[in-house]
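Undergrad: Quick one: the structure is below, questions incoming.
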Amino acid sequence: MGWDQFTKGTVSVAALSTVTPAQWCRTFFLLAAGGVGLVAAAPRETRTLLMDYGARKSDDKHEQQQHHVGEPSPQGEKKLARLRRRGGGGSGTLVSLVASVTSRGQVPHAWFVAFYVMSLGCSLFWLAQFLADGALLRRIASRQAADVSVSFAAFEQVAAGWVMMFLQATRRIFEHATIIKPSKSTMWFVHWLLGLCFYLCIGISTWVEGSRAILETSSGSIDHMAPGLKILVATPVFLFAWINQYRSHKHLAGLKKYSFPNEGLFRHLICPHYTCECFVYLSLAVATAPTGECIGNSSMVYRKVWS
Numbered sequence: 073m074g075w076d077q078f079t080k081g082t083v084s085v086a087a088l089s090t091v092t093p094a095q096w097c098r099t100f101f102l103l104a105a106g107g108v109g110l111v112a113a114a115p116r117e118t119r120t121l122l123m124d125y126g127a128r129k130s131d132d133k134h135e136q137q138q139h140h141v142g143e144p145s146p147q148g149e150k151k152l153a154r155l156r157r158r159g160g161g162g163s164g165t166l167v168s169l170v171a172s173v174t175s176r177g178q179v180p181h182a183w184f185v186a187f188y189v190m191s192l193g194c195s196l197f198w199l200a201q202f203l204a205d206g207a208l209l210r211r212i213a214s215r216q217a218a219d220v221s222v223s224f225a226a227f228e229q230v231a232a233g234w235v236m237m238f239l240q241a242t243r244r245i246f247e248h249a250t251i252i253k254p255s256k257s258t259m260w261f262v263h264w265l266l267g268l269c270f271y272l273c274i275g276i277s278t279w280v281e282g283s284r285a286i287l288e289t290s291s292g293s294i295d296h297m298a299p300g301l302k303i304l305v306a307t308p309v310f311l312f313a314w315i316n317q318y319r320s321h322k323h324l325a326g327l328k329k330y331s332f333p334n335e336g337l338f339r340h341l342i343c344p345h346y347t348c349e350c351f352v353y354l355s356l357a358v359a360t361a362p363t364g365e366c367i368g369n370s371s372m373v374y375r376k377v378w379s
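Basically the numbering used here = 1-based index in the sequence shown + 72.
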């Protein structure tokens, strides 16, 4: 019996070793999207406790105070007490448990900028790895290119994807430094960690499906082609979303208290800044899609839509 378990374990390890880096990235995005989907299907009070953060948090914002990471937040304690009074039975116990867990480990919502610092850092790191023929990039790219059954993106697509991510991260950091007002709102540290993992993973997803083209640059055998249809389609969509997301954020930051946004895309959409965010990642997925596919690493789009 022990030998059978050992054999099964060996087979499992061998099977995992055949998973490509792109598949690992897709698995992460799909698991994250699935997790968000499960939370979305939870009872309303549980869903609110697990998903609300920052500006989404309800009432008593003027009473929120700064607190140490890992300690219960005041608004979390109030929400916990309110839900405990309301709850009863098994459902009430579940809500109380979730409220207790999520009221601890709150971090300042200002830490949101760390997502874009991570994204920009990844872009610069992988650029340095590419220019210096770095060992880590070569190892990941070689593992991806070893699977002859998968299609690959052209070098121009990798470059386009890198530029898009670089521009998005740079603009968001600029926004946090210049137009976004300081806030005392908080978010659960789990949201923060998942966000960091998302941008760490998307930094690899941007180029991994062009691994074969990246490896060919070292031998000088790469054939530079004119921008393909995918890049020509994705670029104007990206620029439209990129520019209008900035305009939306700037408009929101300049609103007077208790006033409604009514300029630009807000005349047609409820949350144009979030809609633009989805189109940014959709255009990125189209631009970096390998041969024979319309969307590359499409699971990152699903993850962004669900989040």
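Built from N, CA and C at the ideal position, the CB exists for glycine as well.
Here the structure is a predicted model, which means the values were calculated and not measured.
#1: Under three-state DSSP, which class holds residue 308?
#2: If we ignore side chains and look at the alpha-carbon of each, how far apart do residue 380 and residue 312 end up?
#3: For residue 198, list the residues DSSP reports as bridge partners.
#4: Could you pull out every unbroken alpha helix (DSSP H) segment of at least 4 residues lying fully inside the segment 192–238, listed in chain order?
#5: Measuring straight from C-alpha to C-alpha, what distance separates residue 276 and residue 211?
#6: Which residues mark the beginning and the end of the alpha helix (DSSP H) in which residue 118 is found?
#7: Tell me the rounded alpha-carbon separation between residue 177 and residue 165.
#8: Residues in its own chain within less than 7 Å of residue 233 by CB, not counting five upstream and five downstream?
#9: Quick one: is residue 284 buried, meaning 16 or more other Cβ sit within 10 Å of its Cβ, or exposed?
#10: Does any residue of chain D bring its CB to less than 8 Å from the CB of residue 115?
#11: Using DSSP with H/G/I as helix, E/B as strand and the rest coil, what is residue 347?
#12: Identify which residue in 174, 351 and 286 has its Cα closest to the Cα of residue 120.
#13: On the DSSP bridge list, what partners appear for residue 258?
#14: Note the first and the last residue of the continuous alpha helix (DSSP H) segment covering residue 97.
#15: Could you check which residue in 332, 95, 303 and 350 has the C-alpha nearest to that of residue 228?
#16: In the DSSP assignment, the alpha helix (DSSP H) including residue 285 goes from what residue to what residue?
#17: Please report the straight-line C-alpha distance between residue 204 and residue 213, rounded to a whole angstrom.
#18: Specify the secondary structure class of residue 353 as computed by DSSP and reduced to three states.
#19: Which class does residue 361 belong to by DSSP, given the choice of helix, strand or coil?
#20: Can you say whether residue 110 is buried or exposed, counting buried as having 16 or more other CB atoms within 10 angstroms of its CB?
#21: For residue 253, collect the residues of the same chain with a Cβ closer than 8 Å to its Cβ; drop the 5 residues on either side in sequence, then sort them by chain order.
#22: In angstroms with no decimal places, state the Cα-to-Cα distance between residue 248 and residue 255.
#23: For a test of the three-state rule: what should DSSP assign to residue 144, helix, strand or coil?
#24: Please list, in chain order, all residues of the same chain as residue 251 whose beta carbon is under 6 Å from its beta carbon, the five residues on each side excluded.
#25: Cα separation between residue 93 and residue 349?
#26: Measure the C-alpha to C-alpha separation of residue 242 and residue 236 and round it to an integer number of angstroms.
#27: DSSP on residue 300, reduced to helix/strand/coil?
#28: On the criterion of 16 or more Cβ atoms from any shown chain inside 10 Å, does residue 345 qualify as buried, or is it exposed?
#29: With distances taken Cα to Cα, identify the nearest neighbour of residue 170 among 362, 194, 115 and 181.
TA: Concretely, from the data shown:
#1: One-based indexing of the sequence shown puts residue 308 at position 236. If DSSP states are grouped into helix, strand and coil, residue 308 belongs with the helices.
#2: As shown, the chain starts at 73 and ends at 379. That puts residue 380 outside it, with no answer to give.
#3: Taking the sequence shown and counting its residues from 1, the one referred to as residue 198 is at position 126. According to DSSP, which records beta bridges pairwise, residue 198 is partnered with nothing at all.
#4: Restricting attention to alpha helix (DSSP H) runs no shorter than 4 residues, the segment 192–238 encloses them at 207–217, ordered along the chain.
#5: If you number the sequence shown from 1, residue 276 lands on position 204. If you number the sequence shown from 1, residue 211 lands on position 139. Computed Cα separation, rounded: 12 Å.
#6: Locating residue 118 in the sequence shown gives position 46, counting from the first residue. Residue 118 -> alpha helix (DSSP H) spans 116–123.
#7: Here residue 177 refers to the residue found at position 105 when the sequence shown is read from its first residue. Here residue 165 refers to the residue found at position 93 when the sequence shown is read from its first residue. Using only the alpha carbons, I get a separation of about 20 Å.
#8: The residue labelled residue 233 in the question sits at position 161 within the sequence shown. Short of 7 Å from the beta carbon of residue 233, and not among the five residues preceding or following it, lie these beta carbons of its own chain, in chain order: 278, 279, 356, 359 and 360.
#9: As a first step, residue 284 must be located in the sequence shown, where it is residue number 212. Residue 284 is classed as buried because its beta carbon has at least 16 other beta carbons within 10 Å across all chains shown.
#10: This model lacks chain D altogether, as it is built from one protein chain only.
#11: By one-based count along the sequence shown, residue 347 stands at place 275. Reduced to three states, the DSSP call for residue 347 is helix.
#12: Here residue 120 is taken as the residue at index 48 of the sequence shown, counted from 1. When each option's Cα is compared against that of residue 120, the closest is 174.
#13: On the sequence shown, position 186 is the one that residue 258 refers to. Partner(s): 180.
#14: Here residue 97 corresponds to residue number 25 of the sequence shown, with the count starting at 1. Taken as a continuous stretch (DSSP letters only), the alpha helix (DSSP H) holding residue 97 covers 93–112.
#15: Taking the first residue of the sequence shown as 1, we reach residue 228 at position 156. Selected option, being the one with the closest Cα: 303.
#16: As a position in the sequence shown, residue 285 is number 213, starting the count at 1. Here the alpha helix (DSSP H) through residue 285 covers 283–288.
#17: Walking along the sequence shown from the start, residue 204 turns up at place 132. Walking along the sequence shown from the start, residue 213 turns up at place 141. Here the C-alpha atom of residue 204 lies approximately 14 Å from the C-alpha atom of residue 213.
#18: Here residue 353 refers to the residue found at position 281 of the sequence shown. Residue 353 falls in the helix class under three-state DSSP.
#19: Counted from its first residue, the sequence shown places residue 361 at position 289. Residue 361 falls in the coil class under three-state DSSP.
#20: For the purposes of this step, residue 110 is taken as residue 38 along the sequence shown, with counting starting at 1. Counting Cβ neighbours within 10 Å, residue 110 comes out exposed, since fewer than 16 surround it.
#21: Here residue 253 corresponds to residue number 181 of the sequence shown, with the count starting at 1. Cβ within range, chain order: 325.
#22: Here residue 248 is taken as the residue at index 176 of the sequence shown, counted from 1. Here residue 255 is taken as the residue at index 183 of the sequence shown, counted from 1. Rounded to the nearest angstrom, the two C-alpha atoms are 11 Å apart.
#23: The residue given as residue 144 occupies position 72 in the sequence shown. Because residue 144 carries a pLDDT of 46, less than 50, the predicted location of this residue cannot be relied on, and no value is offered for it.
#24: Counted from its first residue, the sequence shown places residue 251 at position 179. Scanning its chain for C-beta atoms nearer than 6 Å, with the 5 sequence neighbours on each side dropped, one finds around residue 251 the residues 322 and 325, in chain order.
#25: Translated into the one-based positions of the sequence shown, residue 93 becomes position 21. Translated into the one-based positions of the sequence shown, residue 349 becomes position 277. Rounded to whole angstroms, residue 93 to residue 349 spans 25 Å at the Cα level.
#26: As a working note, residue 242 is residue 170 in the sequence shown. As a working note, residue 236 is residue 164 in the sequence shown. Here the C-alpha atom of residue 242 lies approximately 10 Å from the C-alpha atom of residue 236.
#27: On the sequence shown, position 228 is the one that residue 300 refers to. DSSP places residue 300 in coil when its eight states are reduced to three.
#28: In the sequence shown, residue 345 corresponds to position 273, counting from 1. The Cβ neighbour count for residue 345, taken over all protein chains shown within 10 Å, is at least 16; the residue is labelled buried.
#29: As a first step, residue 170 is located in the sequence shown; it is residue number 98 there, counting from the start. Closest option to residue 170, judged by alpha-carbon separation, among 362, 194, 115 and 181: 115.
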